[in-house]
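Chemist:
Chains as they are written, first to last, in the numbering used here: chain U, 133 to 278; chain D, 606 to 816.
(1) Go to residue 754/D, then tell me how far its alpha helix (DSSP H) extends in each direction, as first and last residue.
(2) How many angstroms separate the CA atom of residue 775/D from the CA atom of residue 706/D?
(3) In three-state DSSP terms, what is residue 153/U?
(4) Taking only beta-carbon atoms, is residue 145/U less than 8 angstroms away from chain D?
(5) Taking Cβ-Cβ distances shorter than 7 angstroms, what residues in chain U pair up with residue 684/D?
(6) Enumerate in chain order the residues of its own chain whose CB-to-CB distance from residue 672/D is below 8 angstroms, with the five nearest sequence positions on each side excluded.
(7) Return the CA-CA distance between residue 613/D and residue 619/D, expressed in angstroms with no decimal places.
(8) Report the residue from 690/D, 710/D, 652/D, 746/D whose alpha carbon sits nearest the alpha carbon of residue 777/D.
(9) For residue 188/U, which three-state DSSP category applies?
(10) Comparing the C-beta of residue 638/D with each C-beta of chain U, is any distance below 8 angstroms?
(11) Report the rounded CA-to-CA distance for residue 162/U versus residue 621/D, giving the unit in angstroms.
(12) Where does residue 171/U sit, in a helix, a strand or coil, going by DSSP?
(13) Might you give, ordered along the chain, the residues of its own chain that have their beta carbon closer than 8 angstroms to the beta carbon of residue 188/U, omitting 5 neighbours on each side?
(14) Would you say residue 671/D reaches chain U, if we count a Cβ-Cβ gap shorter than 8 angstroms as a contact?
(15) Given that a residue counts as buried once 16 or more other Cβ atoms are within 10 Å of its Cβ, and exposed if not, what is residue 703/D?
(16) Residue 254/U CB to nearest chain D CB: under 8 angstroms?
(17) At the level of alpha carbons, what is the spacing between residue 690/D and residue 800/D?
(18) In chain order, what residues of the stretch 691-713 of chain D put their CB closer than 7 angstroms to some CB of chain U?
(19) Taking Cβ to Cβ, would you say residue 216/U is nearer than 8 angstroms to residue 804/D?
(20) According to DSSP, simplified to helix, strand and coil, what is residue 666/D?
(21) Which residues in chain D have a C-beta closer than 7 angstroms to the C-beta of residue 174/U? List them in chain order.
(22) Would you mind stating whether residue 738/D and residue 659/D have Cβ atoms separated by less than 8 angstroms?
(23) Taking only beta-carbon atoms, is residue 202/U less than 8 angstroms away from chain D?
(24) Let me know the secondary structure DSSP gives residue 203/U once reduced to three states.
(25) Taking 7 angstroms as the cut-off, is the C-beta of residue 189/U nearer than that to any heavy atom in the ligand SAH?
(26) Use the C-beta contact count for residue 169/U: other C-beta atoms within 10 angstroms, 16 or more gives buried, fewer gives exposed.
(27) If you measure beta-carbon to beta-carbon, which residues of the stretch 641-655 of chain D are closer than 7 angstroms to chain U?
(28) When burial is assigned at 16 or more other CB atoms within 10 Å of the CB, is residue 730/D buried or exposed?
(29) Mind checking which residues open and close the alpha helix (DSSP H) that includes residue 649/D?
(30) Taking Cβ-Cβ distances below 9 angstroms as the criterion, which residues of the stretch 771-792 of chain D are in contact with chain U?
(31) Would you say residue 794/D and residue 642/D are within 8 angstroms of each other, going by their C-beta atoms?
(32) I'd like the list of long-range same chain contacts for residue 688/D, defined as Cβ closer than 7 angstroms, with 5 residues on each side in sequence excluded.
(33) Taking 8 angstroms as the threshold (beta carbon to beta carbon), is residue 237/U in contact with chain D?
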């Protein structure tokens, strides 16, 4: 483990590179992306099952990349990178998960479905910017008059 | 304590460690840069959260949704270009391990070219959307979609500049502690872009296509 400043290319973080590891990281993640793309375009799996399958593909591809490309393991040299990543993952998931949960509850409780369905009409195309009065919730004053 | 004191001769005891201990500058910098990259990951967490709450049917306000314009095999080509770029940089770093300067430069050059391919495909995709009248202002859903994908593309753009700078530094300065440390931090940055792209590709492009 001794390494001086004499030859920086002998530093352990340089020496842990292996062509085999990088190739495995590439091959595993590229193959999983190929499978996900094929399943999505073939329409052979129902949507919810498809979402589960491509999520698993993403999960395995990310784990393979983190292990083979970022060298996240419990070796003496990388343990603090691993600790930082392990503490990061809950923050990442909580940020996305709680935000999504809060807004899904908000939509569930506040959206006026009759207004929503009128907004679904394909007559309003995005290239013509819709007026504020046509937006969901913007004509609430007409409802309050009832 | 008394037994310990009896074994130390106070006249000869060295109270201060005067020897020089070399400090592992490279490892200190790479850990610091890794922590920075994790905070960059939190930036993406907020953008994924924004896309998550703005990808409902009503978020597109009757306008185009990703299901209408995402072409999975086109974006798959982008995916492979980026993954190959990451692989080429990895092979370059393996050449660095053997002090092979031309191998490193070749790997970085291949990584640069493949990164440019990724970026050109992305810009072509975005200009195609623009020609169809789909812009950042089309709907909240489109804003979230474009900001998330283009923030990732911006990372690629700055990574490409960094690759060019490091190629120049390796050719002029050689393998010094500074250049090798920067090559390691660039490796982390470039490889993390592939990890983030997996999330973008699966949960924004492909999920958008099927929903």
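Just so it is clear, CB atoms sit at the ideal spot from N, CA and C, and this is done for glycine as well.
Modeler: Taking the definition as stated:
(1) For residue 754/D, the enclosing alpha helix (DSSP H) stretches over residues 745-778.
(2) Computed Cα separation, rounded: 8 angstroms.
(3) DSSP places residue 153/U in helix when its eight states are reduced to three.
(4) Under the Cβ distance rule, residue 145/U counts among the residues neighbouring chain D, one pair being separated by less than 8 angstroms.
(5) Taking a Cβ-Cβ threshold of 7 angstroms, the residues of chain U close to residue 684/D are 165, in chain order.
(6) Cβ neighbours of residue 672/D beyond the five flanking positions: 813, 814, 815, 816.
(7) Going by the C-alpha atoms only, they are around 10 angstroms apart.
(8) Taking the Cα of residue 777/D as reference, the smallest distance to any Cα among 690/D, 710/D, 652/D, 746/D is reached at 710/D.
(9) Here residue 188/U sits in helix by DSSP.
(10) When Cβ-Cβ separations below 8 angstroms define contact, residue 638/D makes no contact with chain U.
(11) Computed Cα separation, rounded: 56 angstroms.
(12) In the three-state reduction of the DSSP assignment, residue 171/U falls in the helix class.
(13) Within the same chain, and ignoring the five residues on either side of residue 188/U in sequence, no residue has its Cβ closer than 8 angstroms to its Cβ.
(14) It does not; no Cβ of chain U falls within 8 angstroms.
(15) Residue 703/D comes out exposed.
(16) For residue 254/U, the predicted structure reports a pLDDT of 49, less than 50, and the residue's modelled location is therefore unreliable. The matter cannot be settled from this model.
(17) Cα-Cα distance, rounded: 13 angstroms.
(18) Listed by position along the chain: 691, 692, 695, 696, 698, 699, 701, 702, 704.
(19) No.
(20) Residue 666/D: coil per DSSP, three-state reduction.
(21) Simply none; closest approach about 10 angstroms.
(22) Cβ atoms of residue 738/D and residue 659/D: not closer than 8 angstroms.
(23) Against chain D, the CB of residue 202/U has a partner CB under 8 angstroms away; the residue lies at that interface.
(24) In the structure shown, residue 203/U adopts coil according to DSSP, grouped into three states.
(25) Among the components modelled here there is no ligand, and therefore nothing to report on the ligand SAH.
(26) With 16 or more other Cβ atoms within 10 Å, it is buried.
(27) So the list reads 643, 646, 647, 650, 651, 653, 654, given in the order they occur along the chain.
(28) Of the residues assessed, residue 730/D falls on the buried side of the cut-off, its CB having 16 or more other CB atoms within 10 angstroms.
(29) From DSSP, the alpha helix (DSSP H) with residue 649/D extends over 630-658.
(30) If the cut-off is 9 angstroms between Cβ atoms, the stretch 771-792 of chain D has 780, 781, 782, 783, 784, 785, 786, 788, 789, 792 near chain U.
(31) Yes. Within cutoff.
(32) Within the same chain, residue 688/D has close Cβ partners 799.
(33) Using beta-carbon distances, residue 237/U does not count as an interface residue toward chain D, since no partner is under 8 angstroms.
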